[in-house]
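In the numbering used here, the protein residues as written are -13 to 424. Yeah, the Cβ is synthetic: ideal placement off N, Cα and C, and Gly gets one too. Let me begin by presenting the structure, written as structure tokens, before commenting on it.
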């Protein structure tokens, strides 16, 4: 018998989910998460099977008894696809397909499929294709001898190149091409980051577990209308918008892809150029789903991915979202401890957004002071220094060739300015002419 092909176009595939834990007390909530992933991919989940086995079977991952149970469930439910909540080896995947007579997909393949559906930008599509090809290259376990290519010429006749070898060569060539394209994309991103550094606007990135409400919070803060849906990985391509804080200072807010348990390493590698935005940010807003029972574990998973991409030392603020779903939770701010501060908000109702903006303003600009200074013509090098360091927010000229400057400057830079030349501090309402007269 042959393995069943994909479902008819437009009809969700009838899917069975399988999870095998190594211990009975191990977290079983990941099976629910697997169901959410499957539905996000468009599958129709008709049955779930769990089990406990200390050591996976090297041939089929699950034992013979559990394999018979899964086979019977496939037959009784008319299953077309079986998804395992684990990373399967190519041999295990092939043996399972042979035994179950339907397609088998592991957790990595499922996440890659979701990413392929969500990618919108050219860069996102390149990154997903690269991750898919890296995953596929380990699944080429058979060649087709009827497609062998014969070499011509005396002494060169032989079996030639099998289809397996041809596929490996073509995939390797495509991977090399995609790597070069993404290297150019990474270089372009670095140029854009350098351009942003010339402007005194820090970047703050929203990070967190998938479906924690990052995009909803992004829309609430910026007034934008980016796509929001109650799905895992609803947002894939990063979005950046300007955010004006209560004291009129500006930051760039970036909405990034969500993280998840057992995030495929190939995806972390493929999305490295995108995730560089996270590691180079001035601050991270770690959005947490307050209503999730395993929120502490999710925080640990996100912290692990941040360490992996080199963003472990970036300052962060915990934002506990969805307090409207948690009776007894109210808006509050906790920044008194030595660890990351925390703010409790609801992106849906808007509760706590003002408090979050104020805390964000204080943390991002805690090492920055705002000053109004009058620089006389003979101290032009002070003005040149301030422009070189992109700290001037507003400038007025006076009738004697001097300048009244509004600046946002760090303490270390302010000390250097004081050593350059003579200038005078002004009050906020001063104009250039009043500053000269006084």
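{"Asked": "Quick check: what's the CA-CA separation for residue -2 versus residue 24?", "Found": "10 Å"}
{"Asked": "Any heavy atom of the ligand NAD closer than 6 Å to the CB of residue 30?", "Found": "In terms of ligand content, the structure shown is empty, and the ligand NAD therefore cannot be addressed."}
{"Asked": "Just reading off the beta strand (DSSP E) that residue 237 is part of, what are its end residues?", "Found": "236 to 241"}
{"Asked": "Using C-beta distances below 6 Å, list every residue in its chain close to residue 131, excluding the 5 sequence neighbours before and after it, in chain order.", "Found": "Interpretation of residue 131 is limited by its pLDDT of 43, a score under 50 that renders its predicted location unreliable; the figure taken from the coordinates is listed afterwards. No residues qualify anywhere along the chain."}
{"Asked": "Give me the Cα-Cα distance between residue 266 and residue 297, rounded to the nearest whole angstrom.", "Found": "8 Å"}
{"Asked": "Between residue 45 and residue 81, which are expected to be in contact by the criterion C-beta below 8 Å, what is the C-beta distance as a whole number of angstroms?", "Found": "5 Å"}
{"Asked": "Would you kindly work out how many angstroms separate the C-alpha atoms of residue 171 and residue 98, rounded to a whole number?", "Found": "21 Å"}
{"Asked": "With a threshold of 8 Å, are at least 3 pairs of Cβ atoms found where one atom belongs to the region 353 to 364 and the other to the region 388 to 396?", "Found": "yes"}
{"Asked": "According to DSSP, what are the bridge partners of residue 205?", "Found": "Paired residues: none, contrary to the question."}
{"Asked": "Relative to the C-alpha of residue 441, which candidate in 111, 314, 289 and 312 has its C-alpha closest?", "Found": "A query on residue 441 cannot be resolved here, the shown segment of the chain reaching from -13 to 424 and no further."}
{"Asked": "Hey, how far is the Cα of residue 5 from the Cα of residue 48?", "Found": "9 Å"}
{"Asked": "What first and last residue would you give for the alpha helix (DSSP H) that runs through residue 350?", "Found": "339 to 350"}
{"Asked": "Whole angstroms is fine: what's the gap from residue 91's alpha carbon to residue 316's?", "Found": "42 Å"}
{"Asked": "To which residues of the same chain is residue 363 closer than 8 Å at the C-beta, ignoring the five residues directly before and after it?", "Found": "386, 387 and 388"}
{"Asked": "Along the chain, where does the beta strand (DSSP E) containing residue 1 start, and where does it finish?", "Found": "0 to 7"}
{"Asked": "Which partner residues does residue 312 have in the DSSP bridge list?", "Found": "Residue 312 pairs with nothing; no bridge assigned."}
{"Asked": "Give the straight-line distance between the Cα atoms of residue 395 and residue 34, rounded to the nearest whole angstrom.", "Found": "58 Å"}
{"Asked": "For residue 228, list the residues DSSP reports as bridge partners.", "Found": "238"}
{"Asked": "Taking buried to mean at least 16 other C-beta atoms within 10 Å of its own C-beta, is residue 1 buried or exposed?", "Found": "buried"}
{"Asked": "For residue 301, which residues in the same chain have their Cβ closer than 6 Å to its Cβ, ignoring the five residues on either side in sequence?", "Found": "269"}
{"Asked": "Between the Cα of residue 36 and the Cα atoms of 198, 355, 168 and 56, which residue gives the shortest distance?", "Found": "56"}
{"Asked": "Decide yes or no for the touch test of the region 97 to 112 against the region 57 to 72: beta carbon pairs closer than 8 Å, at least 3 of them.", "Found": "no"}
{"Asked": "Please check the pair residue 190 and residue 237, which I expect to be a contact at CB under 8 Å, by giving their CB distance rounded to whole angstroms.", "Found": "5 Å"}
{"Asked": "Over what stretch of residues does the beta strand (DSSP E) that includes residue 275 continue unbroken?", "Found": "269 to 275"}
{"Asked": "Nearest-angstrom Cα distance between residue 178 and residue 59?", "Found": "53 Å"}
{"Asked": "CA-CA distance, residue 95 and residue 207?", "Found": "34 Å"}
{"Asked": "When the Cα of residue 22 is compared with those of 383, 335, 119 and 196, which residue comes out closest?", "Found": "196"}
{"Asked": "Quick one: measure Cβ to Cβ for residue 347 and residue 233, integer angstroms, because I've assumed they're closer than 8 Å.", "Found": "6 Å"}
{"Asked": "Using the Cα positions of residue 105 and residue 111, report the straight-line distance between them to the nearest angstrom.", "Found": "5 Å"}
{"Asked": "I need the boundaries of the alpha helix (DSSP H) containing residue 60, first residue and last residue.", "Found": "50 to 63"}
{"Asked": "Should residue 229 and residue 333 be called a contact, given that it needs their Cβ atoms to be closer than 7 Å?", "Found": "no"}
{"Asked": "Work out the CA separation of residue 79 and residue 164 for me, nearest whole Å.", "Found": "27 Å"}
{"Asked": "Of the choices 77, 85, 109 and 75, whose alpha-carbon is the least far from that of residue 173?", "Found": "109"}
{"Asked": "Quick check on this structure: which residue in 153, 264 and 123 has the alpha carbon closest to the alpha carbon of residue 294?", "Found": "264"}
{"Asked": "Classify residue 189 as helix, strand or coil using the three-state DSSP reduction.", "Found": "strand"}
{"Asked": "Report the rounded CA-to-CA distance for residue 144 versus residue 153, giving the unit in angstroms.", "Found": "With a pLDDT of only 47 at residue 144, under the threshold of 50, the placement of this residue in the model should not be trusted, and no figure is reported."}
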